[in-house]
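Undergrad: The numbering used here puts the first residue of the sequence shown at 49, with every later residue one more than the last. Cβ coordinates follow ideal geometry from the N, Cα and C atoms, glycine included. Every value quoted in this text rests on a predicted model; they were computed, and no experiment measured them. Here it is, the structure, as structure tokens.
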Amino acid sequence: MTVIHQTIVVRRDVHAKAKADAEAERRRLAARGTLAVNLLSSPGTGKTTLLEATARAWAGRYTMAVLVGDLETDRDAQRLRRLVPTAQLTTGGACHLELPLVRRGLEALGDPPVDFLFIENVGNLVCPASHDLAEHLRVVLVSVTEGDDKPGKYPKMFRTSQAMVVTKLDLLPHVPFSVDAVEADARRIQPALRCLQVAALGGQGIDHWCEYLVTERERRLASQQ
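The following block contains the structure:
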């Protein structure tokens, strides 16, 4: 008996629909003047504190809303609700956010026409790097308390980001962390990466951070027209 083996190669991107949905949502947000910013980091790096400082710096000048992703509790969302419209995205165990959950969060807020939409992703330097949430700008945070070796250990997160913010700069005298080393490592992976430094509790670097976002909003939204 002759056995014939045939191999069928299917060249199709299994993520094509997700990519198309994200691009459509990105254009929808841009059309009404909203820049979506995806904030990513390890747990405890200071995403919520940075957003609090941003909201205070922009009060009366720019409008913003926040979607907060966490496995459980709405503790971070409670802090931010005192300042800006905020919706909690509870994953119930999933290590990252996905676009359908982001859309539900926007619906819960009434889909507000704000200048900036911040997505505070689940604290994780692995899974979130692979999911497009319709953001125009991806920003990864690294705190001085977690060591300066993160870019090399988690290269995809830094390769897919447009900016890196070194946080908790006021603690630098007390920990073995080199800003030069982490920036060099990150730029080895992503040469075009914009590097910023902040100490959000004291306000250090917040003006530069806010100026960067405003400039990116003007540039990126213009390119989406």
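Among P148, P160, C143, which has the Cα closest to the Cα of T134?
TA: Ranking P148, P160, C143 by Cα distance to T134 puts P160 first.
Undergrad: Secondary structure at E183, three-state DSSP: helix, strand or coil?
TA: If DSSP states are grouped into helix, strand and coil, E183 belongs with coil.
Undergrad: Going by the DSSP bridge assignment, what does D118 pair with across the sheet?
TA: According to DSSP, D118 bridges with T138.
Undergrad: Are the region 205–222 and the region 104–121 touching by the rule of at least three beta carbon pairs closer than 8 Å?
TA: Touching, no, given that fewer than three Cβ pairs across the two stretches are closer than 8 Å.
Undergrad: Counting only the same chain and skipping the five closest in sequence on each side, list residues whose C-beta sits under 7 Å from that of E146.
TA: Answer for E146: H179, listed in chain order.
Undergrad: Quick one: measure Cβ to Cβ for L249 and T102, integer angstroms, because I've assumed they're closer than 8 Å.
TA: In fact, because the Cβ distance is near 13 Å, the residues do not count as touching under 8 Å.
Undergrad: Pull the bridge partners of C243 from the DSSP assignment, please.
TA: Answer is M212.
Undergrad: Can the beta-carbon of C243 be found less than 9 Å from the beta-carbon of R236?
TA: In this structure, R236 does not lie closer than 9 Å to C243 by Cβ.
Undergrad: Hey, quick one: how far does the alpha helix (DSSP H) through F206 stretch, first residue to last?
TA: Note, F206: alpha helix (DSSP H), 203–207.
Undergrad: I need the DSSP call for E146, collapsed to helix, strand or coil.
TA: In this structure, E146 counts as coil in the three-state DSSP scheme.
Undergrad: Note down the Cα distance separating S226 from G200, rounded to an integer number of angstroms.
TA: The alpha-carbon atoms of S226 and G200 are separated by roughly 14 Å.
Undergrad: Pull up the distance between the alpha-carbon of H144 and that of R152, whole angstroms please.
TA: Distance between the alpha carbons of H144 and R152: 15 Å.
Undergrad: Compute the beta-carbon to beta-carbon distance between L189 and T93, rounded to the nearest angstrom, for a pair I have assumed lies under 8 Å.
TA: About 5 Å separates the two Cβ atoms, so the contact holds.
Undergrad: To the nearest angstrom, how far is it from the Cα of L173 to the Cα of I167?
TA: Near 15 Å, if we compare the C-alpha coordinates of I167 and L173.
Undergrad: Would you tell me roughly how many angstroms separate the C-alpha atoms of V162 and G141, rounded to the nearest one?
TA: When rounded, the distance between both Cα atoms is 30 Å.
Undergrad: Do you know offhand how far R75's Cα is from K65's?
TA: In a straight line, the C-alpha of R75 is about 15 Å away from that of K65.
Undergrad: Locate the beta strand (DSSP E) running through A84, then write down its first and last residues.
TA: Looking at the DSSP string, the run of the beta strand (DSSP E) that includes A84 is 83–88.
Undergrad: Have a look at L77, R80, Y260, L88 and flag the residue whose alpha-carbon is nearest the alpha-carbon of K198.
TA: Residue L88 is the option with its Cα nearest to K198.
Undergrad: Tell me the rounded alpha-carbon separation between R130 and A105.
TA: Cα to Cα, R130 sits roughly 14 Å from A105.
Undergrad: With a cut-off of 8 Å on the beta carbons, I'd call H184 and A78 a contact; round off their distance for me.
TA: Yes, H184 and A78 are in contact; Cβ-Cβ is about 7 Å, under 8 Å.
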